[in-house]
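Colleague: Here the protein sequences line up with chains U and A, keeping their order.
For what it's worth, our numbering labels the leading residue of the first sequence as 1, then goes sequentially.
For what it's worth, our numbering labels the leading residue of the second sequence as 1001, then goes sequentially.
A virtual CB, placed ideally from N, CA and C, is assigned to each residue, including glycine.
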Amino acid sequence: MAHNDSFFSALQQLRQLPLDVRTITLGINVSDCHDHGLHGLCESLYQRIISKAERLTGICGEVSSLFGVPIMQRRIVVTPIDRVAQGFDAADLVNVAKTLEGAAAQVRVDRIGGFAADVQHGMSSSARELILSLPRALSQTVRVRAAVHVGTTESGVNMEAIALMGRILKETAEADAERNGDAAAKLVILANNATGHPHLTGACLGDGWGDLVVHVGIGAASIIRHALVERLEQEPNAPLHELAAEIQTAVFQSTRTAELVGREIADRMGADFGGVDVSLAPTRRPHDSVAALLSLLGIEQVGAPGTATALTLILNAVRAGAAFASCSAGGYSRIMLSVLEDSALAAATKSKELTFDQLCMAANAGSGGLDLVSLPGDTDVATLAAIISDQVSFAVLNRRPAAIRLIPVPGKRAGEGVTYSGMMNDAVILPVRGTGLSKTFIERGGRLPPVR
Amino acid sequence: MARRYIMTVLAANRVGILAALTNALDELGGNMLDVSQAVIQDFFTMILAAEFPVDRDPEVIVDHIRAVCRPFGAEVALKNPENEPAFEIFEEPTPRQRYVLTAAGPDRPGVLRFIAHRLAQDDIILIDLQGMRSKTNHSFLASMELAVPPGVDALKLRTDLDHEFRADGITIALQHRRVLAALAHPEPVGFNTVSPPAYTIAGGAG
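(1) Going along chain A, which residues have a C-beta under 9 Å from U:Arg-456?
(2) How about A:Gln-1175: is its C-beta nearer than 8 Å to some C-beta of chain U?
(3) Considering only residues of the same chain and omitting the five flanking positions on each side of U:His-287, which have a CB-CB separation below 8 Å?
(4) Any idea what DSSP makes of U:His-197, helix, strand or coil?
(5) What's the gap between the Cα of A:Leu-1033 and the Cα of A:Leu-1174?
(6) Spatial neighbours of U:Ala-53 within its chain, please: CB distance less than 6 Å, with the 5 preceding and 5 following residues excluded, ordered by chain position.
(7) Name the DSSP beta bridge partners of A:Asn-1031, please?
(8) Going by DSSP in three states, U:Ala-161 sits in which element: helix, strand or coil?
(9) Can you tell me where the alpha helix (DSSP H) with U:Tyr-46 in it begins and where it stops?
(10) What do you get for U:Glu-341, buried or exposed, if any count of 16 or more other CB atoms within 10 angstroms of its CB means buried?
(11) If contact is defined by three or more beta carbon pairs under 8 Å, each pair taking one atom from either stretch, is the segment 43-50 of chain U in contact with the segment 1132-1150 of chain A?
(12) Counting only Cβ pairs nearer than 9 Å, list the residues of chain A close to U:Thr-257.
(13) Thinking just about the alpha-carbon of each residue, which of A:Ala-1077, A:Gly-1073, A:Leu-1025, A:Asp-1153 is nearest to the one in A:Phe-1043?
(14) In three-state terms, what does DSSP make of A:Arg-1113?
(15) Return yes when the Cβ of A:Glu-1164 is within less than 8 Å of the Cβ of A:Phe-1114, no when it is not.
(16) For U:Pro-450, tell me which candidate among U:Ile-387, U:Leu-296, U:Ile-335, U:Asn-158 has the shortest Cα-Cα distance.
(17) Please report whether the beta-carbon of A:Thr-1094 lies at a distance below 8 Å from any beta-carbon of chain U.
(18) Is A:Ser-1143 close to chain U, meaning its C-beta is less than 8 Å from at least one C-beta of that chain?
(19) Could you tell me the distance, in whole angstroms, from the CA atom of U:Ile-265 to the CA atom of U:Lys-439?
(20) Exposed or buried, what is U:Gln-120 when buried is set at 16 or more other beta-carbons lying within 10 Å of its beta-carbon?
(21) Could you round the C-beta distance between U:Ile-131 and U:Ile-404 to whole angstroms and report it? I think they count as a contact, below 8 Å.
(22) Assuming U:Thr-152 is part of the beta strand (DSSP E), what are its boundary residues?
(23) Which of the three DSSP states, helix, strand or coil, is assigned to U:Lys-439?
(24) For A:His-1117, collect the residues of the same chain with a Cβ closer than 7 Å to its Cβ; drop the 5 residues on either side in sequence, then sort them by chain order.
(25) Please name the residue in U:Arg-74, U:Met-72, U:Leu-93 whose C-alpha comes closest to that of U:Asp-82.
(26) Just checking: is the beta-carbon of U:Ala-325 within a distance shorter than 8 Å of some beta-carbon in chain A?
(27) Expressed to the nearest angstrom, what Euclidean distance is found between the alpha-carbon atoms of U:Leu-448 and U:Phe-441?
(28) Identify each residue in the segment 62-73 of chain U for which the Cβ-Cβ distance to at least one residue of chain C is less than 9 Å, and report them in chain order.
(29) Can you confirm whether U:Arg-319, when its beta carbon is compared against all beta carbons of chain A, has any partner nearer than 8 Å?
(30) Grab me the residues of U:Arg-268's own chain with a C-beta within less than 6 Å of its C-beta, minus the 5 sequence neighbours each way, in chain order.
(31) State whether the segment 383-397 of chain U contacts the segment 1008-1024 of chain A, with contact taken as three or more CB pairs (one from each stretch) at a distance under 8 Å.
(32) What is the residue span of the beta strand (DSSP E) that A:Ile-1127 lies within?
(33) Can a CB atom of chain U be found closer than 8 Å to the CB of A:Thr-1171?
(34) At least one CB of chain U closer than 8 Å to the CB of A:Thr-1159: is that the case?
(35) Identify which residue in A:Thr-1008, A:Glu-1075, A:Val-1100 has its Cα closest to the Cα of U:Leu-498.
(36) Can you check whether the C-beta of A:Met-1132 is within less than 8 Å of a C-beta belonging to chain U?
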């Protein structure tokens, strides 16, 4: 019985933390499911996923209730399909995507990643067919998430692939025109995608992860907000380093919680425990906006001067907190400024103060790429490719990963509103300046040599 | 075979009580097994288990200890476990889960009473209880470590308590022991392998 003040004050601090876990990701090795026949491949993929993942939802529920920690989203990732499904054409690959969809639905997970191609050095015919299948694959499925890896610091950037992706992105959006191009939101273009830890979007089961692994993504937006609000109540004029310390502590707490939950789930699933993805991302709950943290810090609207500074402060605090919390913390953490998933960011698009260029700048101060940004539907293919290649170039130059998701909204122009179902908010399309001026550059194709 | 006693001591807190008590135990040939103490509002209390040689007369033990404690104005109570109605010691097939329940807010009578009844309803064992009331503003914070049997929904417990106390501005939190340990210990999760021992029940005492 230790009846003393320090016990109580510690308890006061910990007792009402809004702890949660953003994602649980089950990585399943499917590389041995390859088959020369489409039917054999699909059947074996389906059975493999079902047999490995069928207990996942139940176990997530049990562990979530045991610890009193909600888990916001369950996902599966598989070995990149361009490796597994070799020798098939685009039409066949659409069926593979549907197989993944069916399996994910059967085991009741929200997303399935791994419909992906690695083209950073060159493009195999299987990778090309997968890319060509994307418009149909993504408009005809709900849970499937696709990724194309286009460049790294060491290998350079495949500009030809990016040029192709500009076109594919537009076609994907147009294939889903009734849903405002939603399918394009399920496609991410990656740079410097290390196999170390799967990132939020574009997750695949990277090389060397074994047959079954559980990764966990932290839920930190609520708990950072809670910490900042409490601190600012006591000290409204707190200096920046004190707020950074609060963020660091909050991220420490979320990382510890996530690892506890992730390890317990891995244990019960008979899987390896992989890593903790310490990215800061918004969720659909009202207070879980990442951009709103900026206004707590004192940047009244995201995008205004000071945004990059504030993001740097947050990012450093996130990394410091996570590094001490866990030996399995992902090597690279980022702040996801996902326009359509972040209520404050989506609202900012309506204000006329936020510009596309500000988003590009913010994307480089910690976010690692433009994420879920809706663009005018008539943006030409070369401009789309050039926007992507700019983001990729920043990443490759700064030796960090990037993940880019753009949605050219069919039939809509800058200034018009867009609505999506599911996790996304309403937003207004931002105008992009300088369109139509990059055609000659992009059409040259080729590649960017590696960064020395 | 040794003779075992459970003893409690209650006294106004003063330097020397523990010294005197342990002197007495030594003189009696006794050995302290388990002990816990607390100081509340300047009063000291201790509960301990001690064992003595079997040939030591129980009345001698009791008298000697009381004599030693009398100058401190300390009250001593002793119980011999052998004289208690038989404890049924049984192993539960599934171990209980440990949670920490905390309640905090403006103080009013009846809070602990309601919680205690609610815990008993679900056969929840109270392992540790601490409470403190602020001297300045009549708010309190109480913390209870619970051993919850399998099949009891801890979240429902929290919701029920929250429902009862919300109107009075009293907040209820319920956290699994492993979550609190993960938040509080320096070592990362997975390396912090000190888990609480499986709780064995003796009788129906809660």
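Modeller: The structure says:
(1) The displayed coordinates of chain U run from 1 to 452. Any statement about residue 456 of chain U would go beyond what the structure contains.
(2) yes
(3) Ala-221, Ser-222, Arg-225
(4) Here the model assigns U:His-197 a pLDDT of 48, short of 50, so the residue's position is not dependable and the matter cannot be decided.
(5) 32 Å
(6) Leu-26, Ile-76, Val-107
(7) A:Glu-1051
(8) helix
(9) 38-53
(10) buried
(11) Too few Cβ pairs lie closer than 8 Å, so no.
(12) Near U:Thr-257 (Cβ distances below 9 Å), the residues of chain A are Val-1179, Ala-1182, Leu-1183, Val-1189.
(13) A:Gly-1073
(14) helix
(15) yes
(16) Nearest option by C-alpha distance: U:Asn-158.
(17) no
(18) At a cut-off of 8 Å between beta-carbon atoms, A:Ser-1143 makes contact with chain U.
(19) Spanning the two alpha carbons is a distance of roughly 50 Å.
(20) Here U:Gln-120 is buried: its Cβ has 16 or more other Cβ atoms, across all protein chains shown, within 10 Å.
(21) With 8 Å as the limit, U:Ile-131 and U:Ile-404 do not qualify as a contact, their Cβ atoms being about 15 Å apart.
(22) For U:Thr-152, the uninterrupted beta strand (DSSP E) run begins and ends at 144-152, by DSSP.
(23) The three-state secondary structure of U:Lys-439, taken from DSSP, is helix.
(24) none
(25) U:Leu-93
(26) yes
(27) 12 Å
(28) Among the protein chains of the structure shown, namely U and A, there is no chain C.
(29) It does not: the Cβ of U:Arg-319 has no partner Cβ on chain A nearer than 8 Å.
(30) Ile-59
(31) no
(32) 1125-1133
(33) yes
(34) With 8 Å as the cut-off, A:Thr-1159 does not count as an interface residue toward chain U.
(35) Given a span of 1 to 452 for chain U in the structure shown, any question on residue 498 of chain U remains unanswerable.
(36) It does; some Cβ of chain U falls within 8 Å.
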